[in-house]
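Numbering (this note's numbering), first residue to last: 61 to 403.
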């Protein structure tokens, strides 16, 4: 599974920019055409355009730093079909209409499904879709989440006949084949947190109780809690009551067997999910966004986001130090006329 638009994509782009900077090639490979050295009391000046490049690079990194974005704007996974429709086609027109309907409907309901156009299906242009917000979201939060998902899906699933974007607080999904009311328990994504202390029997018991309670609750949206352990589960709104219970039973069973000894975890199936956390709110799980094509599965390390952010901060710090150093050397060389220092 590929990973998208946030920390990892930012890091990849930074690495790309760094590969274009001869200064960094010098630092890491010592093979740059712009060669800075301090030897035999001589300094070879770096060209002005290199400093400009570094300033541009620093600005780009700062602008791309995702620390100012809300965690709820991050997507957990995206699934896109490899089959593509033609730009400016009838399908694209109907898809845009569908996505617009998602956004405008959030003020009235947390879930809705649409078929565009209405009436008799036309195989080449009909698009089916749903959006769904977490069961406890107010209309404003629901609208914000769905709007963010709609804004991102065009880039993530560009011209794909089907797209499925799971956010922290909502999901959107569309396809050229009807999936409404069809059971689907395909595993898309699962992840477990760090293991609990082996002797922390109290936490283990609470986690087991919370996970179990999600399977015995009512409705398509379920929450559970015991002390500092919180859990949540939800079905896609197009499933029947029996289909929902069937899907959740599978997701909860996987969650208990895979992550029952962990400090948290989640299991996302195509039509439902279940997750829990110890010492935090189920509503504030922020795993790194994971981007994949249809049928692929992903599993990210809990510390992946933190490590990536640390790398980005380190790169920014290094760039700042190098820019300051170059400015200092340039200032010294402008002031000193002695040939033994500048030539």
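By construction, the Cβ of each residue, glycine as well, lies at the ideal position given by its N, Cα and C atoms.
> Can the beta-carbon of residue 185 be found less than 8 Å from the beta-carbon of residue 151?
Replying inline: yes
> Which of the three DSSP states, helix, strand or coil, is assigned to residue 117?
Replying inline: Confidence at residue 117 is low in this model, with a pLDDT of 43, below 50, so its placement is unreliable and the value that follows should be read with caution. Reduced to three states, the DSSP call for residue 117 is helix.
> Are residue 266 and residue 286 closer than 8 Å when you measure CB to CB?
Replying inline: yes
> Taking all protein chains shown into account, do 16 or more other C-beta atoms lie within 10 angstroms of the C-beta of residue 298, making it buried, or fewer, making it exposed?
Replying inline: buried
> Which word fits residue 200, buried or exposed, when buried means at least 16 other C-beta atoms lie within 10 angstroms of its C-beta?
Replying inline: exposed
>> List, from N- to C-terminal side, the beta strand (DSSP E) runs of 3 residues or more that fit wholly inside the segment 213-244.
In response: 223-227, 230-235
> In terms of alpha-carbon separation, which member of 271, 163, 183 lies closest to residue 145?
Replying inline: 183
> In angstroms, rounded to a whole number, what distance separates the CA positions of residue 204 and residue 139?
Replying inline: 21 Å
> Are any of the Cβ atoms in chain B nearer than 8 Å to that of residue 187?
Replying inline: Note that chain B does not occur in the displayed structure, where there is just one protein chain.
>> With DSSP as the reference, identify every bridge partner of residue 387, one or two as the case may be.
In response: Residue 387 pairs with nothing; no bridge assigned.
> Taking the Cβ atom as the reference point for each residue, do residue 252 and residue 229 lie within a distance shorter than 8 Å?
Replying inline: no
>> Relative to the C-alpha of residue 332, which candidate in 256, 233, 167 has its C-alpha closest?
In response: 233
> What residues are listed by DSSP as bridge partners for residue 171?
Replying inline: 192
>> residue 226 and residue 328 - do their beta-carbons sit closer together than 8 Å?
In response: yes
> If you draw a straight line from the C-alpha of residue 248 to the C-alpha of residue 300, how long is it?
Replying inline: 21 Å
>> Based on DSSP bridge pairs, tell me the residues matched to residue 336.
In response: 291, 325
>> Once DSSP output is grouped into helix, strand and coil, what is the label at residue 276?
In response: helix
> Whose C-beta lies closer than 6 Å to the C-beta of residue 222 among residues of the same chain, with five residues either side of it excluded?
Replying inline: 141, 235
>> For residue 245 and residue 196, which I take to be in contact (beta-carbon distance under 8 Å), what is that distance rounded to the nearest angstrom?
In response: Not confirmed; about 24 Å, so no contact.
> Leaving out the 5 sequence neighbours to the left and right, which residues in its chain are closer than 6 Å to residue 165 when beta-carbon positions are compared?
Replying inline: 172
>> Looking at the secondary structure, which residues open and close the alpha helix (DSSP H) in which residue 313 lies?
In response: 301-319
>> Quick check: the Cα distance between residue 175 and residue 190, rounded to an integer number of angstroms?
In response: 9 Å
> Where does residue 204 fall in DSSP's three states?
Replying inline: helix
> Around the Cβ of residue 288, are there at least 16 other Cβ atoms within 10 angstroms (buried) or fewer (exposed)?
Replying inline: exposed
> Between the Cα of residue 219 and the Cα atoms of 156, 337, 275, which residue gives the shortest distance?
Replying inline: 156
> Hey, quick one: how far does the alpha helix (DSSP H) through residue 186 stretch, first residue to last?
Replying inline: Note, residue 186: premise wrong, no alpha helix (DSSP H); not H, not E.
>> Less than 7 Å separating the Cβ of residue 156 from some heavy atom of the ligand COA?
In response: Inclusion of the ligand COA in the displayed structure is not the case, the ligand content being empty and no account of it being possible.
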